[in-house]
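See structure below.
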Amino acid sequence: MTRSLLLASLVIATASAATLAERQSSCACGYKDSTGAIWRETFTSDFTTGWSTALNQNFYKFTWSETHPKVPYTMQYITDNVYGYNDGLGLKTSAFPAGSAGPVKVAGIGTLRSDILYGSFRMRAAVPSVPGVCFGFFTYQSNTQEADIEFLSSDANYYQTLHQTNQPGLVNDDTDPDAAKVVTIPGADFTAFHEHRLDWLPASTKYFYDGTLKSTVSKNSPTVASSILANVWSDGGSGWTKGPPTKDAIATIYYIKGYFNSTSLSASQFSSRCAAASNKTPCSV
Ligand SMILES: *[C@@H]1O[C@H](CO)[C@@H](O)[C@H](O)[C@H]1NC(C)=O
1 MTRSLLLASL
11 VIATASAATL
21 AERQSSCACG
31 YKDSTGAIWR
41 ETFTSDFTTG
51 WSTALNQNFY
61 KFTWSETHPK
71 VPYTMQYITD
81 NVYGYNDGLG
91 LKTSAFPAGS
101 AGPVKVAGIG
111 TLRSDILYGS
121 FRMRAAVPSV
131 PGVCFGFFTY
141 QSNTQEADIE
151 FLSSDANYYQ
161 TLHQTNQPGL
171 VNDDTDPDAA
181 KVVTIPGADF
191 TAFHEHRLDW
201 LPASTKYFYD
211 GTLKSTVSKN
221 SPTVASSILA
231 NVWSDGGSGW
241 TKGPPTKDAI
251 ATIYYIKGYF
261 NSTSLSASQF
271 SSRCAAASNK
281 TPCSV
């Protein structure tokens, strides 16, 4: 690298570091949500401003294959099914016409960070309308440390129904009504863009629709550092996704935002940062 190029990149690096520090210091005392909770950190991916850059800032794409017990189809997460769509981010389960061979092609993303411990997570999105998929937005550490909101496009009222579950949602193959709830919002149309919000708290998870609390699930609320995931998938299982879909089934996401605490910024580090800031008022979110 030439000397002038090196200098130029140093200047750019210094400039963007300053911008980041300024942005952080303006909310150095954190974020106060509509319930009064204070969160130390934030991330935003606004896919309407350039989906790929917004995605790469905070998320990776799933690439694995997944086999569930007692269902007809294996699934393959493919990066091509995470793409720019309708001015936002598309997550797609590909059309699987009757008689198709091979795995069902599905899509998923997860936060680069897996140190998130409680927070308020918001997604502005439109659900898939082709029957036979599950569209999920959830916290994940393991199959027993996981809080979900899930939209099943084969549900009769899929455009106003979601499933809120703190895993495990089953006891002896039966739904555990204290860990899994079906939430229906009369008059809602989830095929249009709305904000679906999951607040993950120490002893419960709460679902908000366009800022209004609709449901609380207390049993099995996760307690360990986790990632935030979103996916659109189908294993053909008769008990959940049904399908696979015979046409492309696509969720469109405009943004995902998180206000959260993590195991990487302690309460005392946060307090010192706040004490040193000129603006000591938390930002309202
Ligand atoms: C998140 O961090 C804030 C600031 O340290 C603290 O007041 C709050 O209790 C924390 N929330 C949870 C759920 O731990």
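Residue numbering for the sequence shown follows my numbering, starting at 1 and increasing by one per position. Ideal Cβ placement from N, Cα and C applies to all residues, glycine included.
Under the three-state DSSP convention, the category residue i falls into
{"i": "CYS27", "result": "coil"}
{"i": "LEU55", "result": "helix"}
{"i": "TYR259", "result": "strand"}
{"i": "ASN81", "result": "helix"}
{"i": "PHE190", "result": "coil"}
{"i": "SER227", "result": "strand"}
{"i": "ALA267", "result": "helix"}
{"i": "SER204", "result": "strand"}
{"i": "ALA276", "result": "helix"}
{"i": "TYR159", "result": "helix"}
{"i": "THR74", "result": "coil"}
{"i": "THR241", "result": "coil"}
{"i": "ASP63", "result": "Per the sequence shown, residue 63 should be read as Thr rather than Asp. THR63 falls in the coil class under three-state DSSP."}
{"i": "PHE47", "result": "helix"}
{"i": "VAL127", "result": "coil"}
{"i": "ILE116", "result": "strand"}
{"i": "ASP33", "result": "coil"}
Beta-carbon proximity check, residue i vs residue j, cutoff 8 angstroms
{"i": "ASP210", "j": "GLU195", "result": "yes"}
{"i": "THR67", "j": "THR74", "result": "yes"}
{"i": "VAL310", "j": "THR191", "result": "Since the first residue shown for the chain is 1 and the last is 285, residue 310 is missing from the structure and cannot be characterised."}
{"i": "VAL133", "j": "GLY243", "result": "yes"}
{"i": "PHE208", "j": "ARG40", "result": "no"}
{"i": "GLN160", "j": "ALA125", "result": "no"}
{"i": "PRO168", "j": "TRP200", "result": "no"}
{"i": "ILE256", "j": "SER45", "result": "yes"}
{"i": "LEU198", "j": "PHE135", "result": "no"}
{"i": "PRO282", "j": "ILE38", "result": "yes"}
{"i": "THR246", "j": "PRO97", "result": "yes"}
{"i": "LYS219", "j": "ASN166", "result": "yes"}
{"i": "LYS32", "j": "SER284", "result": "yes"}
Residue i at chain D interface by Cβ criterion, 8 angstroms
{"i": "LEU91", "result": "Absent here is chain D; the protein component of the structure consists of one chain."}
Same chain, Cβ closer than 8 angstroms to residue i, neighbours up to 5 away in sequence not counted
{"i": "LEU170", "result": "ASP176, ALA180"}
{"i": "ALA21", "result": "Reliability fails at ALA21, whose pLDDT of 47 lies under 50, so the model's placement of it is uncertain and no value is given."}
{"i": "ASP248", "result": "LYS92, THR93, SER94, ALA95, VAL130"}
Own chain residues within Cβ distance below 7 angstroms of residue i, not counting five before or after
{"i": "LYS280", "result": "CYS29, CYS274"}
{"i": "LEU112", "result": "ASN58, PHE59, TYR60"}
{"i": "GLY88", "result": "PHE47, THR48, TRP51, THR252, ILE253, TYR254"}
{"i": "ASN86", "result": "THR252"}
{"i": "PHE137", "result": "MET123, ILE149, HIS196, LEU198, ALA230"}
{"i": "GLY99", "result": "none"}
Is the region 229-237 touching the region 180-192, taking contact as three or more C-beta pairs under 8 angstroms? no
Per the contact definition of three or more C-beta pairs closer than 8 angstroms, is the region 144-157 in contact with the region 264-275? no
For the region 100-108 and the region 69-88, state whether three or more C-beta atom pairs, one from each stretch, are separated by less than 8 angstroms. yes
Is the region 216-226 touching the region 112-120 in the sense that three or more CB pairs, one from each, lie closer than 8 angstroms? yes
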